[in-house]
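Shown next, in structure tokens, is the structure this report addresses.
In the working numbering, the protein residues as written are 7 to 98.
Dropping the structure here:
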């Protein structure tokens, strides 16, 4: 990589959507018990667990997009997306 100058390679981030647009989830559509449970979990969990959750949820989402499904209950799927969205909004 040291042989590649920034002039030769144009970084794509200026052309990408704002991160907030990418992670936007309308919370008004989330059932209140799910929102409250996620909110409580985020407040109580250690930072290391939050990091591990983010890594796991990115892998889980990537697998779902690739058609690889795990035994995750539909209700917990919503929780994963809500938790990830809330974490990314509060700790970018």
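For each residue, glycine too, the CB sits at the ideal point set by N, CA and C.
The three-state secondary structure of residue 37, taken from DSSP, is coil. The alpha-carbon of residue 59 is positioned some 10 Å away from that of residue 66. Of all alpha-carbon atoms in 94, 85 and 95, the one lying nearest the alpha-carbon of residue 38 is that of 85. Sequence-distant partners of residue 40 (beyond 5 residues in either direction) whose C-beta falls short of 7 Å from its own C-beta, in its chain, are 84, 85 and 88. Annotated three-state conformation of residue 43 is helix, per DSSP. Inclusion of residue 93 and residue 56 in the CB contact set at 9 Å is warranted, their separation being smaller than that value.
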